[in-house]
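Protein chains in written order, with full-length UniProt numbering: chain V, 1 to 219; chain P, 1 to 219.
No residue lacks a Cβ here, since even glycine has one placed at the ideal position from N, Cα and C.
One structure below.
2 protein chains.
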Amino acid sequence: MKSDKISEAVVRRLPVYLRYLQELYKREVTTVSSQELGLKLDLNPAQIRKDLAYFGDFGRKGIGYDVAYLIDKIRQILKIDQVINVALVGAGNLGQALSNYNRYVKDNMKIVAVFDSYDKKIGTMINTLTVQPMEELQNTVKERNIRIGIITVPDFEAQRVADCMVEAGIEAILNFAPIIIKAPPHIRIHTADFTTDLLSLAYYLESEEGKEETEDDKS
Amino acid sequence: MKSDKISEAVVRRLPVYLRYLQELYKREVTTVSSQELGLKLDLNPAQIRKDLAYFGDFGRKGIGYDVAYLIDKIRQILKIDQVINVALVGAGNLGQALSNYNRYVKDNMKIVAVFDSYDKKIGTMINTLTVQPMEELQNTVKERNIRIGIITVPDFEAQRVADCMVEAGIEAILNFAPIIIKAPPHIRIHTADFTTDLLSLAYYLESEEGKEETEDDKS
DNA sequence: TAGATTGTTAATCGATTAACAATC
DNA sequence: TAGATTGTTAATCGATTAACAATC
Chain V
1 MKSDKISEAV
11 VRRLPVYLRY
21 LQELYKREVT
31 TVSSQELGLK
41 LDLNPAQIRK
51 DLAYFGDFGR
61 KGIGYDVAYL
71 IDKIRQILKI
81 DQVINVALVG
91 AGNLGQALSN
101 YNRYVKDNMK
111 IVAVFDSYDK
121 KIGTMINTLT
131 VQPMEELQNT
141 VKERNIRIGI
151 ITVPDFEAQR
161 VADCMVEAGI
171 EAILNFAPII
181 IKAPPHIRIH
191 TADFTTDLLS
201 LAYYLESEEG
211 KEETEDDKS
Chain P
1 MKSDKISEAV
11 VRRLPVYLRY
21 LQELYKREVT
31 TVSSQELGLK
41 LDLNPAQIRK
51 DLAYFGDFGR
61 KGIGYDVAYL
71 IDKIRQILKI
81 DQVINVALVG
91 AGNLGQALSN
101 YNRYVKDNMK
111 IVAVFDSYDK
121 KIGTMINTLT
131 VQPMEELQNT
141 VKERNIRIGI
151 ITVPDFEAQR
161 VADCMVEAGI
171 EAILNFAPII
181 IKAPPHIRIH
191 TADFTTDLLS
201 LAYYLESEEG
211 KEETEDDKS
């Protein structure tokens, strides 16, 4: 196959493949079939083959995919074969959690600066990074070649922060605030709104059959 | 329209509608049209009307939707018109961030218990809650009528925790570990894997034109 | 009334899955 | 060779969007 336009659904599955392939690699598994992948990742094998075939002929008929080779290829496709520098804005609990979470360093995503707009936070340390005032965003983005911004501020500040990021030349934003932020079309925005995930989960609960809340006593 | 089977895509948009409607309510806006909603939420107005029409005739032709009424209805549909008790397993940074994040209390989702399997964590306080050992999960779930579980443990523990949750009678799981966890089909699982969001973001970056990494000096 | 906006059908668009020839 | 598995086409399935009669 090789190119067409790649749909977002496909792109979002690539990191999922990558993650599991890396686990296989660690376990010294050298080859994997679309069927095995599908089983493990709850995906249709045909879909996996099709996804990968958009980008090239990575497999071998009768054999499957070479794990190490496919890891390399997916990393290239995702453009994480080089280190990508990331700025985090919002040094609250979630921001701290994210910057402590160093798993993505391995994936060549590196948080290299943390910002906040509250005086109290500025100057404090998060891991090895000093929290900087928002005024320094623009310069730091340029100096440190920061390309992605993560927003972990309260929702009422999220749009303002996004605007600053865009102005500073950031190319893509991961937004944790439960709000739809607006940006020019060349800026890619992903929303990581777990409150949506949580609330929609409730829909799938079995209807109560005479259950009541724990706390307030209706009797 | 009224019922058929409701697709997951529809259900996932309901919390998004709800959130913005609640904001409108706070601002004392009483009525809103699908067009206004669409503009604000980056969605097609026809899609919004269709989504809502699955559940009933909530709007008025020529007028739009009554904000307060629609909030009520969506809360009913999502089954968050009653308090839903939630257990959090994993008292690390992310777990702390989530339990501090009290926004969903307003949405009738309430974290009523926190668990961890590390001795060091057990007995410490997270907000008003004492971290309990995993052994108490089963009993606490029953006693406190906990229906949803949130997993914020490292990936290698996630499946084990999920198994415990299922055994304890939890009905739905929000999983933050970057791994596909398996459970019986009647258990609903949502994955809130922000590393996927972050990595897939890189795909959309403009290709480098002679840029290099910040840190290591190639010259 | 005239203008606005819903609910719903039909048309379009896109994504997933099945099937199979090619080939290791 | 026989068995396995890819890459890809065709078929299916599902979701989004346009259009418009109904009606406030």
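Closest to residue i by CA distance: which of the options is it?
i	options	result
V/I77	V/Q35, V/R13, V/K120, V/D116	V/R13
P/Y112	P/N100, P/G123, P/K120, P/L129	As written in the sequence, residue 112 of chain P is Val, which differs from the Tyr given in the question. For P/V112, the nearest C-alpha among the options comes from P/L129.
V/V166	V/F176, V/P154, V/I181	V/I181
V/I150	V/L37, V/L94, V/Y204, V/D42	V/L94
V/E28	V/D66, V/D163, V/G62, V/R49	V/D66
P/D107	P/K79, P/G62, P/P133	P/K79
Roughly how many angstroms lie between the CA atoms of residue i and residue j, to the nearest whole one?
i	j	result
V/L201	V/T30	37 Å
V/M109	P/F58	45 Å
P/Q96	V/R188	29 Å
V/Y101	V/T152	14 Å
P/D81	V/I84	44 Å
V/A207	V/I71	The sequence given here has Ser at residue 207 of chain V, not Ala. In a straight line, the C-alpha of V/S207 is about 44 Å away from that of V/I71.
V/L137	V/E23	36 Å
V/K40	P/F156	15 Å
V/E135	V/F115	9 Å
P/G90	V/L98	15 Å
V/D193	P/D193	10 Å
P/A177	P/A87	16 Å
V/A68	V/S33	13 Å
P/Y118	P/M125	14 Å
V/Y203	P/Y54	14 Å
P/P184	P/D163	10 Å
P/K121	P/E8	36 Å
V/K5	V/L205	38 Å
V/K73	V/L52	10 Å
V/V10	P/Q35	30 Å
P/A158	V/G92	25 Å
Just the chain P side, please: which residues come within less than 9 Å of residue i by C-beta, in chain order?
i	result
V/V161	Under the 9 Å cutoff, chain P gives no residues; its nearest Cβ is about 16 Å from V/V161.
V/N44	Per Cβ cutoff of 9 Å: no residues; V/N44 is ~14 Å from chain P at best.
In this structure, how does DSSP classify residue i when only helix, strand and coil are distinguished?
i	result
P/P133	strand
V/K110	strand
P/N145	coil
V/G64	strand
P/D116	strand
V/G90	coil
V/I84	strand
P/L43	coil
P/N175	strand
V/R27	coil
P/S219	Any reading at P/S219 must be qualified, since the residue scores a pLDDT of 30, below 50, and its modelled position is unreliable; the value itself is stated next. If DSSP states are grouped into helix, strand and coil, P/S219 belongs with coil.
P/V11	helix
P/I128	Per the sequence shown, the amino acid found at residue 128 of chain P is Thr instead of Ile. Coil.
P/G59	strand
Residue i touches chain P at which residues, Cβ-Cβ below 8 Å?
i	result
V/Y25	Within 8 Å Cβ-Cβ: nothing; V/Y25 doesn't reach chain P, min ~15 Å.
V/S34	The contacting residues do not exist; V/S34 stays about 15 Å from chain P at best.
V/I148	L198, L201, A202, L205
V/M109	L198, L199, A202
Under 7 Å between beta-carbons, which chain P residues line up against residue i? List them in chain order, please.
i	result
V/V16	T196
V/E171	L205, E206
At a CB-CB cut-off below 7 Å, which residues of chain V make contact with residue i?
i	result
P/N127	Neighbours of P/N127 on chain V: none; closest Cβ ~11 Å, over 7 Å.
P/K79	A202, Y203, L205
residue 273 of chain P	The requested residue 273 of chain P is not part of the displayed model; chain P covers only 1 to 219.
If the cut is a Cβ gap below 8 Å, which residues of chain V does residue i touch?
i	result
P/E136	What P/E136 touches in chain V: nothing, since even the nearest Cβ is about 15 Å away.
Below 9 Å on C-beta distance, what does residue i contact in chain V?
i	result
P/P133	Neighbours of P/P133 on chain V: none; closest Cβ ~20 Å, over 9 Å.
query: Does the region 169-187 of chain V come close enough to the region 141-158 of chain P to have 3 or more Cβ pairs within less than 8 Å?
result: no
task: Decide yes or no for the touch test of the region 8-26 of chain P against the region 192-201 of chain V: beta carbon pairs closer than 8 Å, at least 3 of them.
output: yes
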